[in-house]
């Protein structure tokens, strides 16, 4: 049962009048019905108040204190009066009555049409505690009023489905403080939202809440997590935009220059009107890939949002921005750095521009302020009134099946996995990313894309900073596999046989057991008292690189890096560290991207000096240096460096501007 009454002042008065003599109760439907009761009195309380203040809305006449003054004759006892009970209705009854009460249904003219058009609601959402509040009141009142529409149970239809007041409902988890307890004013275990907005911005908090975990799980507030989402997503996307703007300004790339007329929402179809915008199919493979990923993401995000899955949508957006930043932009730097505006370079600009503009539309519901800033700078600034004035007025982008290339997506995903595994292998061997290595051996689980990978050897080598890449069919040359039993699972299963299994696995050929598991989904191990079958959940297969190698294993491949360093490789590693130091110094002294510099390296370490001399052209080319000397530069404050234990002073001076 639901105790509807509440001892409160504010709220909807319970429309129940009780006989002061007999206790007889009556429910009154509306104010007109109340005024029609015999011997009604007390309406002067409202009339007096209205006369004193004509601005009082007439709706107040049915609220306290005026409604409490109205009484009428009891039908059960002569001379007795009917008086209203003192309680107001539970506010959740008001909320549950919302679907029809908001229209004045059924008495207000036109309310039936409005109600039928809006009922049931497409979507509602509240936290878990509303299962006994709003969610329950909506269901209870809807069933009470309209349950008969479902008909009666019978042998043919044993279950009667009552009309639900909503089609979709997300039950949110609770918001917890950093102490793990539900946020509460009394506990003060929360931060004022304005403090977070002022420090990190509203978009950072929004992205954290949307992307941190599914909405139906409780969210434990973490200021550190809010801080981390800025570089992991917001700043990463902004850096892609900054990269585009810097080089577009240098090269004079202007999307509005060759794209005439009204562009409105700047769709791909509108961009195609530019004189130098080539069809996607005619562009470089890397361009086709990132545009395929863009519209795969757009389709996936749309589908997930249609299913009310904002967490999955954010994950797709996060993956795309990572691909754009850490793969496309990194892989295309040389194209943007090229001297002349070739068609290939123009393709790169249009591709990155389309990615940024479309991404601004995709992220608009999640991080509206960043989305609007990107739109204003990328679209409104160059096109002015020819373009839509706000990203939030644009249609949401969907997928473009003609541009999506699933095979290319899978091929590039393999290349990215190889690079990711290679970096993991470097970390396990404590080899810096800037230290060149002689080669990488790639062992593929599926040979479908071997030919494609061989054609893109240079891409993998560049990203992994290795001199050569080879695909190997002989993993035994580089790695061993160790097979261990899962003790918690196999202890109860095997009992006293477990020590014998451990001994058998220790002496087995791990590679053969892995192949058997991949082929059969299980392995058979011979024990002194008979064979035992084991599935994937009952063993661990660990990879161990042989001496001189480091390895990492993924879903599609094993990547093995040679760890032996020659003098040439070590010297090149020093040169790359010097490049990083010079680039950092360029930023510190405020160099523009086109500024030319002179570099001085003063050191007693012959190893550093020889490395700088040997790779002088590389260092100068990467840093826009017109000179590289080995003496201090007069009037320039040095930066003190330490590379591989060798100390040096670095001097950087702007000498010319292109």
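Numbering (the numbering used here), first residue to last: 231 to 888. Positions of the beta carbon are idealized from the N, C-alpha and C atoms, including for glycine.
Could you check which residue in the options has the C-alpha nearest to that of residue i?
i	options	result
residue 829	801, 777 and 885	885
residue 413	452, 839 and 731	452
residue 710	740, 353, 357 and 238	740
residue 249	300, 831, 276 and 290	300
residue 565	481, 714, 640 and 321	481
residue 654	537, 764 and 790	790
residue 809	855, 835, 834 and 776	855
residue 376	833, 803 and 393	393
residue 251	691, 485, 311 and 483	311
residue 457	875, 470 and 442	442
residue 253	792, 306 and 277	306
residue 698	234, 232, 723 and 666	666
residue 575	420, 516, 373 and 369	516
residue 317	345, 261, 273 and 238	238
residue 469	407, 556 and 510	556
residue 719	232, 680, 770 and 757	770
residue 737	750, 446, 612 and 714	714
residue 567	479, 788, 328 and 232	479
residue 372	595, 330, 495 and 410	330
residue 608	347, 233 and 493	493
residue 821	476, 647 and 571	476
residue 297	562, 315 and 283	315
residue 807	865, 832 and 871	871
residue 626	288, 495, 860 and 370	495
Tell me, please, which residues DSSP counts as bridged to residue i.
i	result
residue 355	400
residue 562	Partner(s): none; residue 562 has no beta bridge.
residue 651	Looking at the DSSP assignment, residue 651 forms no beta bridge with any residue, so it has no partner.
residue 876	873
residue 781	790
residue 256	247
residue 754	763
residue 771	713
residue 858	829
residue 406	412 and 450
residue 617	494
residue 883	828
residue 313	248
residue 670	699 and 791
residue 235	319
Let me know if residue i comes out buried or exposed under the rule of 16 or more other beta-carbons within 10 Å of its beta-carbon.
i	result
residue 888	Per-residue confidence for residue 888 stands at a pLDDT of 48, beneath the threshold of 50, marking its modelled position as unreliable; the derived number appears in the next sentence. The residue in question, residue 888, is exposed, as its Cβ has fewer than 16 Cβ neighbours within 10 Å.
residue 695	buried
residue 645	buried
residue 774	exposed
residue 930	In the structure as shown, the chain starts at 231 and stops at 888, and residue 930 therefore has no counterpart that could be examined.
residue 438	buried
residue 415	exposed
residue 543	buried
residue 717	exposed
residue 247	buried
residue 320	buried
residue 546	buried
residue 295	exposed
residue 422	exposed
residue 474	buried
residue 264	buried
Measure how close the beta-carbons of residue i and residue j come, nearest whole angstrom, since I'm counting them as under 8 Å.
i	j	result
residue 827	residue 877	In fact, because the Cβ distance is near 22 Å, the residues do not count as touching under 8 Å.
residue 601	residue 590	5 Å
residue 559	residue 467	The Cβ separation is near 11 Å, so there is no contact.
residue 850	residue 838	Between residue 838 and residue 850 the Cβ distance is about 16 Å, and since that is not below 8 Å, they are no contact.
residue 597	residue 464	7 Å
residue 671	residue 700	6 Å
residue 584	residue 498	6 Å
residue 528	residue 629	5 Å
residue 171	residue 594	Any answer about residue 171 is impossible in this case: the structure gives the chain only from 231 up to 888.
residue 323	residue 333	At roughly 17 Å, the Cβ-Cβ gap does not stay under 8 Å, so residue 323 and residue 333 are not in contact.
Just checking residue i against the ligand COA - is the residue's beta carbon closer than 7 Å to any of the ligand's heavy atoms?
i	result
residue 727	Because no ligand of any kind appears in the structure shown, any question about the ligand COA cannot be addressed here.
Give a yes or no on contact between the region 687-700 and the region 812-819, applying the rule of three or more CB pairs nearer than 8 Å. no
Do the region 625-638 and the region 515-524 meet, that is, are 3 or more Cβ pairs less than 8 Å apart? yes
State whether the region 428-435 contacts the region 398-415, with contact taken as three or more CB pairs (one from each stretch) at a distance under 8 Å. Contact fails between the region 428-435 and the region 398-415, because fewer than three Cβ pairs, one in each stretch, are under 8 Å apart.
If you pair each beta-carbon of the region 655-671 with each one of the region 525-539, do three or more pairs fall below 8 Å? Taking 8 Å as the limit for Cβ pairs, the verdict is that the region 525-539 does not touch the region 655-671.
When you compare the region 608-617 with the region 481-492, are there three or more beta-carbon pairs, one atom per stretch, that lie closer than 8 Å? Taking 8 Å as the limit for Cβ pairs, the verdict is that the region 481-492 does touch the region 608-617.
Mind the definition here: the region 258-278 touches the region 349-362 only if three or more C-beta pairs lie below 8 Å; say whether that holds. no
Looking at C-beta atoms only, is the number of pairs between the region 793-801 and the region 725-732 that lie closer than 8 Å three or more? Contact between the region 793-801 and the region 725-732 is absent, because fewer than three Cβ pairs lie under 8 Å.
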